[in-house]
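To keep things clear, I will list the structure first and then write my remarks on it.
Residue numbers (the numbering used here): 59 to 454.
Right, here's the structure in full:
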């Protein structure tokens with residue numbers, strides 16, 4: 059009894075941190091039931107590079123845990139995006155044929171809604187196997203696009219089970235479908251072997267940070283959504299009132315190639331070149347080092363499903379200031395962990411950051427709260443859902 063899990067957002071040799079939270083969950087599931095991962099790789103082109111859709115033999119890495127098949131998914135950049143789910147379906151079916159031979163998977167487990175979830179729902183119908191969909195943060199932005207919205211609603215409504223990483227996303231899915239859904243909320247876990255409370259002075263020394271300065275860290279993709287630019291805009295006000303407060307931005311590009319260039323230019327215009335440090339994408343161990351070194355974590359995100367960086371910050375004992383959107387209130391559930399600020403309250407952000415920097419925090423308590431869920435627990439809860447589906451469909 060093998061399940062096939064699928065998503066575009068999955069680690070590759072070139073992007074080892076991409077979708078690492080999906081990989082950690084699937085590794086935990088794989089400890090309890092066999093999993094094969096099909097992670098389509100988008101390509102644009104003709105001939106041997108990208109055509110026919112899903113027609114190329116998938117790259118295979120059976121040494122990964124769980125094993126991964128990476129079929130080519132043909133796509134058209136910036137145009138005809140309503141076709142992406144169909145292209146995804148074709149690539150997924152090619153990957154399943156390579157992974158399973160003549161056998162069918164016990165079920166298809168899809169992560170993210172568009173095009174992954176919709177394409178996986180089409181593949182599940184073609185193979186006549188159960189389909190489980192995990193809702194993640196893309197539901198917020200994709201639901202604003204009419205051509206995607208109704209297709210996502212149909213996939214969600216037709217799933218044999220729906221998992222959500224937050225209650226906020228579960229409620230949004232019910233609103234999208236137009237009826238109350240029975241959604242299993244299974245938040246992500248945290249890797250306690252990486253994200254854990256450690257000595258702050260030692261972390262600063264290892265990173266070459268000054269012992270006497272105050273540091274605020276923000277982690278996310280280099281894109282407007284995550285709010286690095288919004289933090290930079292208020293930073294002169296933070297420093298005017300708070301003294302030598304420095305901002306460290308951690309994250310790589312995410313399909314907004316001009317964003318980092320514009321951000322660096324704005325940092326220079328505001329005279330913040332010595333106060334704002336962009337360190338780019340970092341491995342998890344280095345991110346944990348920065349979180350342990352920091353006085354505060356700040357996340358001025360526009361929308362959020364379940365922010366892994368927020369939980370990882372707490373697991374390192376670092377208090378947070380975050381925008382009051384999506385699942386953030388489910389993570390920052392008490393004042394002893396941090397502050398939530400309305401997204402559009404610019405003045406409130408300055409006040410919240412200054413107040414958090416001035417307050418004494420119990421970092422041991424924060425770390426305990428942030429470490430409540432590990433990936434083994436998440437995997438076990440997902441396996442329960444899969445077995446319930448298979449029992450209903452007679453596949454267990």
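Even for Gly, the Cβ is constructed at its ideal location relative to N, Cα and C.
Computed from a predicted model, the values in this text were never measured in an experiment.
A contact is defined here as three or more CB-CB pairs under 8 angstroms, and the stretch 231-245 meets this definition with respect to the stretch 185-202. For residue 313, the three-state secondary structure derived from DSSP is coil. When rounded, the separation of the alpha-carbon atoms in residue 332 and residue 212 is 51 angstroms.
Per DSSP, the unbroken beta strand (DSSP E) holding residue 169 starts and ends at 165-169. Residue 153 sits close to residue 127, with the two beta carbons spaced by under 7 angstroms.
The beta carbon of residue 80 sits closer than 7 angstroms to those of 65, 67, 68, 169, all from its chain and outside the five residues before and after it, given in chain order.
When secondary structure is reduced to three states using DSSP, residue 100 falls in the strand class. Here residue 141 carries a helix assignment [DSSP, helix/strand/coil]. Secondary structure of residue 273 (DSSP, three-state): strand.
When C-alpha distances from residue 443 are compared across 190, 89, 60, the shortest belongs to 190. According to the DSSP secondary-structure assignment, residue 381 is paired through a beta bridge with 399.
Collapsing the DSSP output to three states places residue 325 in a helix. For residue 63, the enclosing beta strand (DSSP E) has its first and last residue at 61-64.
The C-beta distance from residue 350 to residue 256 rounds to 5 angstroms, short enough to fall under 8 angstroms. When the five nearest sequence neighbours on each side are left out, the beta carbons in the same chain lying within less than 7 angstroms of the beta carbon of residue 184 are those of 151, in order along the chain.
If you draw a straight line from the Cα of residue 286 to the Cα of residue 447, it is about 41 angstroms long.
Per DSSP, the beta-bridge partners of residue 222 are 193, 243. Excluding five sequence positions before and after residue 347, the CB atoms of its chain that fall closer than 7 angstroms to its own CB belong to 261, 264, 265, given in chain order.
If you draw a straight line from the Cα of residue 428 to the Cα of residue 148, it comes to about 40 angstroms. Distance between residue 276 and residue 336, taken at the CA atoms: about 10 angstroms. By the 16-neighbour rule on beta-carbons within 10 angstroms, residue 449 is exposed. The criterion of a C-beta distance shorter than 7 angstroms is satisfied by residue 415 and residue 272.
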